[in-house]
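Notes follow the structure.
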Ligand code: HEM
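Numbering (the working numbering), first residue to last: 10 to 485.
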């Protein structure tokens, strides 16, 4: 599909062939990002990885992320952190059993944020109640949720403020940029202070320490300035919080609509893990059905339905199509994930079985399934993202017995999803979670409905935000 938005020519690739054209055959032509206002104010002046223009700085950043910041060794060294935060989340959910409703997404966001904060920043900077003195939080959970929601809303697939100069939108982006900057300055100052204090005895314990060390490295091809350290830190925190949480929420939502799949997942967990303990990362390779559930949720509900925007640097041609340089390009992985030509007549149905025994994967090699994108610009956080999604989801299913509230049919769940759907969960017989826990689960997102209604999800993120507010309203 070819469009024109303001002064930008735009192409949207909505088939496997078009995805292969943009992300593989012409990956280098479409490797740039557009210079959008969000990149200036929330991407630390285009110095983060997401908004950095293609060039030596971005190439070096990707290399450092792969070999240092998100290397398999780094990820392994923080396994206990992820494990502890997942257990803490399960306990919190259990403790709220008496509440009339629990918004699962809130718990998912906090668990992912706490895990990523401890890995990246060395401690939790977002604390309930704000704290006091040196332990004071850099942001409260409410503030941080606002920051994340604003971030995704304002850097949504297309920001209308970039097409048509629109002052209120730009003011909002600047305000958010300032709030992020305050947060990041506080983090950096604390880390620098420790480095000064410990002098020669200083050893890096978290990813910000590592970034500050890298920034001091005189052998780097392109120096990393303070903005770069802040930008990378922000990418790690924002990239690792919302995406994983929303994916897990969709997977839970689909399992609740499809009791057979939920039963199969539960049976697999009972068989492989047993009822005496929770799931660890080591168990994941032994849970093929759970892996299929995650792939199926990502196929139907990719968190970025159009991937991140690309900008062509040179002309590219495919068949009868000529795409000139300077064209904004999107890949509609949402449409590809539901294309009956690829997935058959049941393309819109949640059937994890389609992935059992299949070699189709989410790692960017199979153009039918691209929740993390593909090519040189594909998501560098895939390893961490998958670990968190699989671990949290498996434990939610293993730790509680979920079902819809009495009198509610599963068809209603689909219908009521956009207005928040209540459903109940009971804890299963586990030593760490005693029985009889009653919860209400409410998925808060409905990006699909938006896409179905509007075809071009220009601001699909706004729908999600509206839903969050709506669901919070329903709790009262
Ligand atoms: C379920 C989890 C996640 C999903 C579904 C996801 C998805 C994506 C997608 C679709 C893109 C755009 C790729 C493209 O343009 O082709 C992307 C880019 C990116 N993601 Fe993720 N992501 C996830 C987790 C993470 C995590 C955990 C991090 C960091 C710790 C992260 C950091 C980034 C960054 C920095 C980029 C920009 C890459 C670049 O422009 O070079 N993501 N992600």
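Glycine included, C-beta positions come from ideal geometry on N, C-alpha and C.
These figures come from a predicted structure and were not determined experimentally.
Per the DSSP secondary-structure output, residue 320 pairs in a beta bridge with 41 and 337. In the displayed model, residue 332 falls within a strand according to three-state DSSP. Residue environment: residue 64 is assigned as exposed (fewer than 16 neighbouring CB atoms within 10 Å of its CB, all protein chains considered).
The residues 282, 403, 404 and 407, in chain order, have a CB closer than 6 Å to that of residue 288 in the same chain once the five nearest residues on each side in sequence are set aside. In the DSSP annotation of this structure, the continuous segment of the alpha helix (DSSP H) that includes residue 261 starts and ends at 235-266.
For residue 306, the enclosing alpha helix (DSSP H) begins and ends at 297-309.
Put simply, the backbone Cα of residue 220 is about 23 Å away from that of residue 396. Contact check between the segment 325-338 and the segment 26-42: three or more CB pairs, one atom from each, fall below 8 Å, which counts as touching. In the displayed model, residue 120 falls within a helix according to three-state DSSP. Of the residues assessed, residue 116 falls on the buried side of the cut-off, its CB having 16 or more other CB atoms within 10 angstroms. Non-local C-beta neighbours of residue 36 in its own chain, meaning closer than 7 Å and more than five positions away in sequence, comprise 384 and 385, ordered along the chain.
Between ligand 1 and the CB of residue 386, the shortest heavy atom gap is smaller than 6 Å.
Straight through space, the alpha carbons of residue 57 and residue 401 are spaced by roughly 28 Å. In the three-state scheme derived from DSSP, where H, G and I count as helix and E and B as strand, residue 364 is classed as helix.
Around the beta carbon of residue 212, fewer than 16 other beta carbons sit within 10 angstroms, so the residue counts as exposed. Put simply, of 229, 398 and 51 the residue whose alpha carbon is nearest the alpha carbon of residue 180 is 51.
Non-local C-beta neighbours of residue 327 in its own chain, meaning closer than 7 Å and more than five positions away in sequence, comprise 30, ordered along the chain. For the options 308, 95 and 321, the alpha carbon positioned closest to that of residue 44 is the one of 321. In this structure, residue 53 lies near residue 240, with their beta-carbon atoms less than 7 Å apart. Between the segment 72-92 and the segment 111-131 there are three or more inter-stretch CB-CB distances shorter than 8 Å, so the stretches are counted as touching. Around the C-beta of residue 277, 16 or more other C-beta atoms lie within 10 Å, and the residue is accordingly described as buried. Residue 66 holds the alpha-carbon nearest to the alpha-carbon of residue 229 among 66, 39 and 40. Distances taken from the Cβ of residue 58 to the heavy atoms of ligand 1 include one shorter than 6 Å.
When the alpha-carbon of residue 152 is set against those of 132, 177, 122 and 18, the nearest one is in 122.
The beta carbon of residue 357 lies closer than 7 Å to those of 347 in the same chain, with the five residues before and after it left out. In the structure shown, the three-state DSSP call for residue 86 is helix. Residue 381 has its Cβ nearer than 6 Å to a heavy atom of ligand 1. In the three-state scheme derived from DSSP, where H, G and I count as helix and E and B as strand, residue 156 is classed as helix. If the five residues before and after residue 253 are omitted, its C-beta is found closer than 6 Å to the C-beta atoms of 121, 394, 397 and 398, all from its own chain and listed in chain order.
In the three-state scheme derived from DSSP, where H, G and I count as helix and E and B as strand, residue 135 is classed as strand.
With a cutoff of 7 Å on beta-carbon distance, residue 308 and residue 378 are scored as near each other.
When the beta-carbon positions are compared, residue 263 and residue 306 come within less than 7 Å of each other. For residue 373, the Cβ stays outside the 6 Å cut-off from all heavy atoms of ligand 1.
Excluding residues up to 5 positions away in sequence, 122, 125, 126, 129 and 130 lie with their Cβ nearer than 8 Å to the Cβ of residue 246 in the same chain. With contacts defined by Cβ atoms closer than 7 Å, residue 299 and residue 260 do not form a contacting pair.
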